[in-house]
Structures are given as structure tokens and as C-alpha cells.
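To convert, note that position 228 of the sequence shown is 1186 in our numbering; the numbers rise steadily by one, no gaps. Glycine included, C-beta positions come from ideal geometry on N, C-alpha and C. The block underneath contains the structure these notes are about, expressed in C-alpha cells.
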Amino acid sequence: MEKILVLENKYGDTLGGLRGIPGLKAATDGDLIWLRGIAVGGTPDKRIASLPVLHRYTADPVERLFPDQQKTPTGKLPKLDWQPIKAFVPIELPVSAMPGKLFLPVTIRLSRSAVVQEVFALMTDLKSWKAYAETAAGTRLQTLSFAVSGKGEVLVIGRPLPQLPGKTFWPRDQMLLPSGYDLDPPVLGALAEAPKETLMLFEPDGNWQAIPIAHFQPARRSAVRLTETGHD
């Protein structure tokens, strides 16, 4: 017995994180991708469990397909050109057009999230940030760090964030995603490889920029006062 999964072809990029799973095989059938070689029972692999699956089956020894939770077969496993997952999924290539020389083997897509998370970052303007730092209690500032762009944009990270005009973001590994959004599908997070000590700041349309963590400084009142534009 083995588990069989079927995905739409448009989600082929999500398979990159499965390359290290032994025994897994894949094949295409028109607009669909079929996966086999998944053991029945035991603890499901998180990488497989997070896939955007269209159909799930269990195949018996004669390759009859049983939909999940059903005892009657609905067909047989098609005769396809099965390949080991490492051969089916192409080697990841660097996307040289992106800033920061990050390695992203897939196109990052964002969609509205049904899960609410605590925000961790705020993009605001320098004037508002300076005004806040002048009057905020030291205990509120000591949990924050900030970086300033040459255009006068300030990215503040930490908790709790100040109530200032701007855009908020929540964290996902080395990514900062716009509040209310998540990766589509979520498994894309495992495929985005960023250098250490770097944050990837995303916009809702999927565009992003790399910000070295070394560019952030503690939100001491004196440091905020001395901050001017013209320094990324």
C-alpha cells in the first residue's frame, strides 16, 4: 500500500523541498502532477503534508486507487513515466535579477491569510519615527531596532511596535510578509534560500528587497535624533 497525491501543474515549483525524500517518484499527466512512493501510516512528512494537493488516494498492491476515507476504488494508477523526485525537479538556479544576490528557485506569490499573527515590523516615515522617539519611554524603545533608507523610509522591528502611520509586517523565518498575507502555497517558504543575517521584505504583489540585519541599530533616543536620510 502507498499514498498517491495529485497536484495541478501550476504548483510544480512547490516540489523543490521534496528532493531529499527517499523513494518519492513523480510523473506528469496533462495538467496534473502525480506523486507516489509515500508510505501509509506513521507520522506524515511535514513537507508532503503542506503540499497544495488536489486529490489524495491510497493504492493497493494491484494499483487500484482508493480516495481518502473511502473503501471503494475509483480507478487504477495510470501508466506514467515515473521519475525519482530528484530527476523530476530541476536543480535550483540563482535568480540574478533580484537584489541582494538571493537564491530563489521559485516565483514567490502572496495571498490573503486566514490566520492572524502578531506583527513584528513597521515601515513608517522618518519624521513620524523621530517624533515618537522623543517622547516614548525608554522601556518601549529598548525592545526595538530600526534601519533608514535614503528616501526617508524607516523599518522598525521588534515588539511591541509603536502606533505610527505606515505598513506592518509579520515574520516568517527570514521573511517579513505584509500583515494579512501569507505565501501561496505556504510550502514556498522552504524553497526560498536567503543568506544568513538578511531579511527579505515583501510587498503584497510578491516583489521584495533584501535588508542586511547589520543595517539595523538599537532604537536609542540619541541614535534616532542623529539619524538623517541619505544612509541606507
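- By the neighbour-count criterion, in which a residue is buried when 16 or more other Cβ atoms sit within 10 angstroms of its Cβ, T1093 is exposed.
- With a threshold of 16 other beta carbon atoms within 10 Å, P1002 falls short and is exposed.
- For R977, no alpha helix (DSSP H) segment is defined, and its DSSP state is neither H nor E.
- When beta bridges are read from the DSSP output, V1114 appears opposite L1080, F1104.
- Per DSSP, A1072 lies in no alpha helix (DSSP H) and is assigned neither H nor E.
- Taking a contact to require three or more Cβ pairs closer than 8 Å, the region 1026–1039 and the region 984–1001 qualify as touching.
- Counting along the chain, R1014 sits inside the beta strand (DSSP E) bounded by residues 1013–1017.
- Secondary structure at K1109: coil, using DSSP grouped into helix, strand and coil.
- Between L1119 and V1077, the CB-CB gap stays under 8 Å.
- Taking 8 Å as the cut-off, the beta carbon of R977 is found closer than this to the beta carbon of I1043.
- M1158 counts as buried, since at least 16 other C-beta atoms from the protein chains shown sit within 10 angstroms of its C-beta.
- By the criterion of a C-beta distance shorter than 8 Å, E1155 is surrounded in its chain by P1170, I1171, A1172, once the five residues flanking it on both sides are discounted.
- Under the criterion of beta carbons closer than 8 Å, M959 and V1020 do not qualify as touching, at roughly 11 Å.
- Assigned with DSSP and collapsed to three states, T1185 falls in coil, not helix or strand.
- Put simply, the backbone Cα of Y1139 is about 32 Å away from that of E1186.
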